[in-house]
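Enquirer: Would you mind keeping the following structure in view while I ask a few things?
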Amino acid sequence: MSRISGGQIDRSQTLRFSFDGVSYTGHPGDTLASALLANNVRLMGRSFKYHRPRGAISAGSEEPNAIVELRTGARQEPNTRATVTELFDGLSAQSQNRWPSLKFDAMAINDRLSPFFAAGFYYKTFMWPAAFWEKIYEPIIRRAAGLGRLSKQDDPDAYDKGFLHCDLLIIGAGPAGLSAALTAGRAGARVILADEDFRMGGRLNAETLEVGGTSGADWAAQSVLELASLPNVRLLPRTTVIGAFDHGIYSAVERVSDHLAQPLPGKPRQILWRIYTKRTILAAGAIERPIAFENNDRPGIMLAGALRAYANRWGVAVGEQVAVFTNNDDGLRTVNDLQAKGLNVTLIDARKGDEVIDSAGRLGLKSITIRRANGKTETIHVSALGVSGGWNPNLNIASNHRGRPVWDDTIAAFLPAPESIAGLTCAGAAAGAFSTHAALTMGVAHAIAALADLGVTATADTPSAEDAPLNLTPLWYVHSGKGRAWVDPQNDVTVKDVKLAKQEGFVSVEHLKRYTTLGMATDQGKTGNVLGLAVMAELTGKTIPQTGTTIYRPPYTPVAMGALAGRARGADFKPTRQTPSHKWAEEQGAVFVEVGYWLRTQWLPRNGEPTWRQSVDREVLQTRKSAGICDVTTLGKIDIQGTDAGAFLDRVYANNFASLAVGKVRYGLMLREDGMVMDDGTTARMGQNEYVMTTTTANAVPVFRHLEYCRQVLWPDLDVQLISTTEAWAQYSVAGPNARKLLQKLVDQDISDAAFPYMACGAVTVQGSRARLFRISFSGELAYEIAVPTRYGDAMIRALVEAGREFDAVVYGTEALGVMRVEKGHVAGNELNGQSSALNMGLGKMVSRKKDAIGMVLSQREGMTAPNGYRLVGVKPVNPAESLTAGAHFLVKGATATADNDGGWLTSVVYSPHLGHSIGLGYLKSGDNRRGERLRSVNLLAKTDIEVEIVSPHFFDPEGERLRG
Amino acid sequence: MIINHPLLGPRDSQEFIYLGDAALIHRPDGMAEGALERFVDYTYLRDNPAGSHRELWYHEQGDRSWLVVTRDTTTHEITAVEMARDVARAEGRSK
Amino acid sequence: MANALKPLTPLGHDAPQSDTIGAITITENPNTALASLAARLGREAEVASLAAAAGIPLPGPGQSEAAATYGAIWLGPQQWMVEAAFATHEDISAILKPIFGEAASITEQTDAWVRFDVTSTTLPALFERLCSFDLHKAGAGAATRTVIDHLGCYVIRRTDTRVTILGPRSSAHSLHHALTTAAKALS
Amino acid sequence: MRYSGLRVIAEALTGHKGWKPAWRDPAPQASYDYIIVGGGGHGLATAYYLAKEFKQARIAVLEKGWIGGGNVGRNTTIVRSNYLLDGNEPFYEFSMKLWEGLEQDFNYNAMVSQRGIINLFHTDAQRDAATRRGNAMIMHGADAELLNKEQVRSLYPFLNFENARFPIKGALMQRRGGTVRHDAVAWGYARGADQRGVDIIQNCEVTGMRIENGRMLGVETSRGFIGAKKVGVAVAGSSSKVMAHAGMRLPMESHVLQAFVSEGLKPLIDGVITYGAGHFYVSQSDKGGLVFGGDIDGYNSYAQRGNMPVVEDVAEGGMSLMPMIGRARLLRMWGGIMDMSMDGSPIIDKTDTEGLYFNGGWCYGGFKATPASGWAFAHLLATDQPHKTATAYRFDRFAKGLMIDEKGQGAQPNLH
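Chains A, B, C and D supply the protein sequences, listed in that same order. If you're matching positions, the first sequence starts at 1 in this note's numbering and goes up one per residue. If you're matching positions, the second sequence starts at 1001 in this note's numbering and goes up one per residue. If you're matching positions, the third sequence starts at 2001 in this note's numbering and goes up one per residue. If you're matching positions, the fourth sequence starts at 3001 in this note's numbering and goes up one per residue.
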């Protein structure tokens, strides 16, 4: 048992967990890694390429080796770092990327063949024969690659998003972060203190150092208690700040439930916080780096600080016989602490010329070979080796805005560039200040400075602490034999690979990274990048800063996709908009269709109608025969008022509006400035200075935005006011020969043709309640649109249906609506495709050139007025039994199906029950001169090829007598 | 990003819709001589500077004001936010 | 005028729906009539005095204000949403138009919106999960439009413990779902 | 030096001593016949084809940083020729055919992998548009199939077919579409061009253009003046900056497009999937990462980094399309600067300055276009005639009203 005394674990409680099916126990406060080590399990994973046996090298989120599949079933999480996985009762984890088992991994053959798998080898082979790549080489590579497995089941957990605001965000709750938070918190500022660990305190929890006369860990605990008592301070443990974005916005993930077997009912697994802050202090500490030597990747070989952390924080000795290989004084701390714990420790101090040159132990470290300064080599038996090549300030977030870090020779590491992110400063080890004293004082000083910017006065109160220097003498890799020395352990990038990259000219740090995959693993090179850079620098005889720097992009550590999506998934992906007749339609068993966010009635099946076509045919025929009712509420409605409203409409519509009389409606065509059709609809003049514009359902929002742009930006002195009324009114179309009779039963005023002629509009009452009536028609029938306040929409549809009973009126959906508009040759979505001009649509004459309306000028360009351009045509099959397909293209008889012969395409196709055959609208080159011509409509996807006749787009009542009836 | 709305103070740019270069304020006169050439230039050509850029944003999920935002396209730093209507008037737009 | 048509609430019921989840109560409120009021160009001062005379408050940007009969929410430059009791002001635009004549543009908005009144002693914690409107800072009277689960909504801080949300009526169910889900996550 | 499996084995057995630099590191000469500004995919491909196909010499590629550091090194690696319009489809199909023979042609394994791309549709209108597009593709010699819902399900059973806000109705499939190892494309062209005598000059930024009475004389650079008979600019993302040296304003804006990769996972997704109801497209790299992207951030930017709203929007699309990825982790995100043109389509054309040629405005389409773009630009530079597949990519199409607007969004770059 390698549990030793001490540590911040609760030994009074025992937690059961399993790894690769074997049961173990641990304690609250353990991580999966500390608990496994406590159970003498050092082997935790396999490397990506060579499948080398691996164990934890760190005690933090920078871990590249100890990554496992956590949990089972739909909650299985691949690539989870054992070193930051908080232990819970019942935890189950599996090793990954090995077969058949972790101890006996067949893929380890790659390790034997490693000479053939040097950096970039795959760019140089697998090219012959060409067809073999997809068929043979790549499938093998894909199967072998990848790390953990996703369950392929839907993620069962919920994720939340949230928004937080503060004066000062402090990232990291080590000595610098805590002292900054205490300083700012006591001064009354709004503070957020976030730390990725479940226990705040940072390195203080892993050290035996004293702060203010008490143990660092106790000081941290007391500080956290005080901060928790301050109402203006928000503590966010288990929260990783993943990136710095523009203007003081930071993104953070709080792991609300990951330390539980599963989330509590109603609770999210994680919350993605968007933090708005005025100032930020990055106090994320530093990350220790290894020294590369042959076979430096065996389980049991760790960073010296991690070895110390396991002993001090978790009461775990990784071995009785231990060695420490260091080039700085921090490594000596590990020696002292472990010796104090009664372990037998050998020191190899590189500064004295001693080096570790090799190690042995197939599945875990058994011995190391040391070359002493005097050249003598010796092999000693150890089960743990702590390595310290120095510490890299954890400047990750500070480089998110691509500010280049600056090299500091005294610590042989990169420091965050000053001012690299507006409002952010770095304190403590993250700024290269490695002593506890420096961290505490810097935290205090930065908090005072940040608050001073905001006009808040804070006072310094810094506890005493050690202030020892690092005394580092750089050593990056040990020069010795032919073996491999790992730089990036997960991706199996070795010193040799860096040398090969150099040899082949991939010297730029970006080329090095991309060619060798250095730093591309799940740890994003937190431990390996600077080492790789240093090796390249040595090879090229340049300094490290000359060779390049490494900057980091978000996220700081990998983030669950679920957290980034939050609640917006499945049926909640986007909001749903319901029409006023929705409840009624549901009762009738209507079939609904998504139209943008709207759900509209597509058709209303009646008993004994097995196919949708029968329902739609009935709706169309009955409407044309008697009367039909349709919910048209989804059309955009924009209330336009002001003394210049008429002049305004004259500029946003291509056709003339100035002459529209009060009480009248007119069809309007709206162009984009590039001359293409933007939208169409009717606009009604309800009063002297009052208009109601309707837009297509799809363009309601863009058109409103465009109108605001026109009145605010283009013509700021026009007296025009706008507001949307789309949802304020429930609007129903009543169409068909009996439409008037039907409506008259409900409308209190006379709506005879004389009193309410075609294209009339006005306020009316429906059995006493307020309503608006428009005599407009999309179907080509005698038709009205009646609008009542939305709350009465449900009652209105029921009233209309009731009133229509004597006429056997139907309620029709979007399909029947579509049939009738194609029969009438009205353009809609498929024709209003943003690529079509008024001329293309056969509406060229509507574009007035006598006024400066938007789009008029550019619609006159030669390319848009060419006579051989597309024109809207009607299309019908020569053989009525054949049906057309929207999207099919036009070819003349005998022409091959090539682009040169492409005449155009069918935009919309419906079956016209009125005509008894399929009909369509299409865009055909020179279409308006080709009436009566016979062409082929070809759909190469379905291999259909039918003869069609080009006809007028107005299939039904071309003179429009019915709608005036 | 945060846009400091002249009337409403700092707002998340997610509430806004971006249009483009504020030069769009200067729509040519469609009835004037040589209108076509001017409209082609106005509609299609952009300075697209790497640096300070005056651009139009619309507070769609807010007060529906169009704003002229001066923003550095290399750092995203915003140095000025004005009501587009005021800017348009100041630059000679009227009816 | 007597009304033959029977109204439905935005959530599709005869009576307003109310949900209490933990310490949070979310109540549908159909009893307010709404109309937008926008000053015509150049007649802003006139509108201000007419409003004052009629007891209609015209709060500044980001604000709402309640008076005896009328309340108002700032919508945009020279534009407000006027509130009054539905029982007495169902035809609110017809009531307001005579007050302002041609000095202002008035548009009925009552049924364009679903109104939810949210009461809780922990409103800031709830709204942290809904939108970027900071209720820790925004006291009574603060009002803004922002985004809640992709929906553009007005959030009006009536008191420390009561907030009104005006959302698009057609999405009443989606908005209600968003509010109750957030409330459950906190309870 | 020729690459081959045998060579790899031989080198492995002799300690990899024999590998030579993939390309030289020459100092710039006083003048060249051709200067290609921009050592990205398009610039390197242009130089390669100028030398190999058009037998031209005295060619230099000037790169301000390191080659392949622009969009060719920061994209989602998708190749396809599923375009709609006559102005585009022949060009992208030509590009696809070049991809299909590329590796043998330049003797570098760029892992051109034709595992198929599907564009999902969710409404009847989208299906109609897909039908129109599919027919246009076939008429231009490309391949296209229309899949119904069940065919999509059989390919990708884990997509969200139940309880979806926007149900999947089917997809347009191009089986020849797929992915390519993006960095390898730049390296392969660079190596191939270098072997044919092209000088690839890194860390050499063009700071000005020397033009006399309408004629290009050469370019001022951070490494001094370099004379040239013809200068071809292929600097996507920086086009406006560089062409400003010639006093030109371009019909484009620079925008940031973010792209994303997840942690390595065992194989899940074989081909490329594009969501039709949200901003999300995804494939899985041979290394195991899910490579995905969505919409541009939408504001002018040269910053090569984006903001969270788009990240969250993309994740929402991903979770809605394939809820299994909730527990996969986003590993890294990056931003590339796109030339977003006014109609969403590129320009490969001469300029009013004699001897100055321009290639840019690729919007999202740049990577898949790399081979054809290089070939067509080389053709223009060598013959002063547009390549037959690129005749529509002219500057004057806007003045003439001949826009190539695939999305029908008009003159607003951030909508394309």
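Glycine included, every Cβ here is placed at the ideal spot set by N, Cα and C. Quick caveat: nothing in here was measured; it's all calculated off a predicted structure.
(1) Could you check whether the Cβ of A/A398 sits closer than 7 angstroms to any heavy atom belonging to the ligand PLP?
(2) What does the Cβ neighbour count give for A/P789, buried or exposed, with the cut at 16 atoms within 10 Å?
(3) Please decide whether C/R2145 counts as near chain B, where near means a Cβ-Cβ distance under 8 angstroms.
(4) Determine, for B/A1080, whether the minimum Cβ-Cβ distance to residues of chain A falls below 8 angstroms.
(5) Using a cut-off of 9 angstroms between C-beta atoms, extract the partners of C/L2089 located in chain A.
(6) Taking D/L3380 and D/I3404 to be in contact with their CB atoms under 8 angstroms, please state how far apart those CB atoms are, rounded to whole angstroms.
(7) Hey, quick one: how far does the alpha helix (DSSP H) through D/G3366 stretch, first residue to last?
(8) Output the distance between the C-alpha atoms of A/I368 and A/G212, rounded to the nearest integer angstrom.
(9) Taking only three categories from DSSP, how would you classify A/H381?
(10) Below 8 angstroms on the Cβ atoms is my contact criterion, and I expect D/S3240 with D/S3222 to pass it. Report the Cβ-Cβ distance as a whole number of Å.
(11) Give me the chain A residues within the contact set of B/F1039, using Cβ-Cβ distance strictly less than 7 angstroms, ordered along the chain.
(12) Under 7 angstroms Cβ-Cβ, which residues of chain D neighbour B/A1050?
(13) Would you mind telling me which residues of chain C sit closer than 8 angstroms to A/E961, beta carbon to beta carbon, in chain order?
(14) What does A/M670 pair with, by DSSP beta-bridge criteria?
(15) Please report whether the beta-carbon of B/R1093 lies at a distance below 8 angstroms from any beta-carbon of chain C.
(16) Would you decide whether A/R112 is buried or exposed? Buried here means 16 or more other CB atoms lie within 10 Å of its CB.
(17) At 7 angstroms on the CB atoms, spell out the chain D contacts of A/Q153, in chain order.
(18) If you draw a straight line from the alpha carbon of A/L450 to that of D/G3360, how long is it in whole angstroms?
(19) What do you get for D/E3162, buried or exposed, if any count of 16 or more other CB atoms within 10 angstroms of its CB means buried?
(20) Would you check if there are 3 or more beta carbon pairs closer than 8 angstroms linking the stretch 685-699 of chain A to the stretch 637-644 of chain A?
(21) Where does D/E3063 sit, in a helix, a strand or coil, going by DSSP?
(22) Going along chain B, which residues have a C-beta under 8 angstroms from A/I249?
(23) Quick one: does A/S769 have its CB under 8 angstroms from some CB of chain D?
(24) When you compare only the Cα positions, how much space is there between A/P610 and A/Y911?
(25) Rank D/P3323, D/A3051 and D/T3383 by C-alpha distance to the C-alpha of A/A571 and give the top, closest one.
(26) DSSP three-state call for D/G3293: helix, strand or coil?
(27) Rank A/S399, A/M520, A/V233 and A/Q13 by C-alpha distance to the C-alpha of A/P28 and give the top, closest one.
(28) Of the choices A/G863, A/T682 and A/D154, whose alpha-carbon is the least far from that of A/H970?
(29) Would you please verify whether the beta carbon of C/E2108 is less than 8 angstroms from any beta carbon of chain A?
(30) Taking its Cβ as the centre, do 16 or more other Cβ atoms sit within 10 Å of B/T1079, making it buried, or is it exposed?
(31) Find out if the Cβ-Cβ distance for the pair A/G285, A/R203 is shorter than 8 angstroms.
(32) Cβ closer than 7 angstroms: which chain B residues qualify as neighbours of A/E673?
(33) With a floor of 4 residues, list each alpha helix (DSSP H) that falls wholly inside the stretch 410-462 of chain A, ordered by position along the chain.
(34) By the DSSP assignment, the alpha helix (DSSP H) with D/F3398 in it spans what residues?
(35) On the three-state DSSP scale, how would you describe A/A173?
(36) Could you please give the first and the last residue of the uninterrupted beta strand (DSSP E) stretch that includes B/H1005?
Expert: Let's see:
(1) You won't find the ligand PLP in this model; it holds no ligand whatsoever.
(2) buried
(3) yes
(4) no
(5) According to the sequence as given, residue 2089 of chain C is His; it is not Leu. Simply none; closest approach about 13 angstroms.
(6) With 8 angstroms as the limit, D/L3380 and D/I3404 do not qualify as a contact, their Cβ atoms being about 17 angstroms apart.
(7) G3366 to T3383
(8) 40 angstroms
(9) strand
(10) The Cβ separation is near 19 angstroms, so there is no contact.
(11) V857 and L858
(12) K3241 and Y3302
(13) By Cβ distance, chain C contributes nothing, its closest Cβ being about 34 angstroms from A/E961, past 8 angstroms.
(14) A/D679
(15) no
(16) exposed
(17) M3324
(18) In the sequence as presented, Leu is not what sits at residue 450 of chain A; that position holds Ala. Distance between the alpha carbons of A/A450 and D/G3360 is about 45 angstroms.
(19) exposed
(20) yes
(21) coil
(22) M1001, I1002 and D1012
(23) no
(24) 17 angstroms
(25) D/P3323
(26) strand
(27) A/Q13
(28) Residue 970 of chain A lies beyond the residue range present for chain A, which begins at 1 and ends at 965; the question has no answer from this structure.
(29) yes
(30) exposed
(31) yes
(32) T1043
(33) 436-453
(34) R3397 to K3400
(35) coil
(36) I1002 to H1005
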